[in-house]
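Trainee: With the sequence shown counted from 1, adding 115 to any position gets you this note's numbering.
Cβ coordinates follow ideal geometry from the N, Cα and C atoms, glycine included.
All figures in this text were calculated on a predicted structure; none of them were measured in a lab.
Quick one: the structure is below, questions incoming.
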Amino acid sequence: MSTRTPAVPDDFPHFSAWYGRVPSFEHARVRAKDFHCRDQVFHMRQLVDARYYLHWHYSDADSYGPSAYFQAAEEWLRCRRIRNLDPEERPRALQEWFLDKYAKDKPSPVWEFREPPAAIGKHEML
């Protein structure tokens, strides 16, 4: 088995985050009709579905409870607000959301990240 794949960095919207950077989210501007909030809806379904709840009960007891329900609803509502924005404004709003969610109150990394490989321009306007 190999780790080689035909995927390119442009196939992953959060690719630059793997290298310690904030993603540009240009796909939300260029492919405006493809923007959806399915991930947030799925997260809410996970909270309600007992099969996921039982798994969480044993794996991480701090990740569920009333605060998890409120957080999931807030993320879904924020996603809907971003979806209703003009496509030109979405990348900025998604960057702010990314920073609020992942970079808030976190110390700087201990190690230095490598330089990410060059993108091929898949999300550029044609």
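With distances taken between CB atoms, is the gap from I235 to V123 smaller than 7 Å?
Mentor: yes
Trainee: Measure the CB-CB distance between H142 and P128 and report whether it falls below 7 Å.
Mentor: Cβ distance < 7 Å, so H142 and P128 count as in contact.
Trainee: Suppose only complete runs of 4+ residues qualify. What are the alpha helix (DSSP H) ranges in the region 116–151, listed by chain order?
Mentor: Taking only runs of at least 4 residues, the alpha helix (DSSP H) segments lying wholly in the region 116–151 are 142–145.
Trainee: Report buried or exposed for F140, applying the criterion of at least 16 other Cβ atoms within 10 angstroms of its Cβ.
Mentor: buried
Trainee: Could you check how far apart the C-beta atoms of P138 and A147 are, in whole angstroms? I think they sit under 8 Å.
Mentor: Going by Cβ atoms, the distance from P138 to A147 rounds to 17 Å, so no, they are not a contact pair.
Trainee: State the Cα-Cα distance for the pair P121 and L200, rounded to the nearest angstrom.
Mentor: Their backbone Cα atoms lie some 33 Å apart in a straight line.
Trainee: Quick one: residues in its chain with C-beta nearer than 7 Å to the C-beta of L241, no 5 flanking neighbours on either side, listed in chain order?
Mentor: With a pLDDT of 44 at L241, under the threshold of 50, the modelled position of that residue is not reliable, and no figure is offered here.
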